[in-house]
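S.K.: This is the structure I want to talk about, given as structure tokens.
Residue numbers (the working numbering): 5 to 81.
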């Protein structure tokens, strides 16, 4: 069964940038636990950020929920 988790971002008013998304993931998971895969395209709101944790590889989907943004991280392998 595939796993997933989410991270809420409350302190921004606009769609998060790639650096904000990466920084949020690092702050949530710990800098030593996250390895980003950089050969993924990054186009506008179709942001595809993929990262590895000890238990698997995850893809990030950004959604706006009411007045904040949520990073949905779902396992892809």
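A virtual CB, placed ideally from N, CA and C, is assigned to each residue, including glycine.
Taking only beta-carbon atoms, is residue 78 less than 8 Å away from chain B?
M.R.: Looking for chain B here will not work: only one protein chain is present.
S.K.: Among 74, 81, 64 and 80, which has the Cα closest to the Cα of residue 16?
M.R.: Per the Cα distances, 74.
S.K.: CB-CB under 8 Å to residue 25, same chain, minus the five flanking residues each way: which ones, in chain order?
M.R.: Excluding positions up to five away in sequence, the list reads 51, 53, 64, 66 and 75.
S.K.: Measuring straight from C-alpha to C-alpha, what distance separates residue 71 and residue 22?
M.R.: In a straight line, the C-alpha of residue 71 is about 19 Å away from that of residue 22.
S.K.: Within the same chain, show all residues whose beta-carbon is closer than 8 Å to that of residue 13, passing over the 5 residues directly before and after it, in chain order.
M.R.: Cβ neighbours of residue 13 beyond the five flanking positions: 20, 24, 28, 72, 73, 74 and 75.
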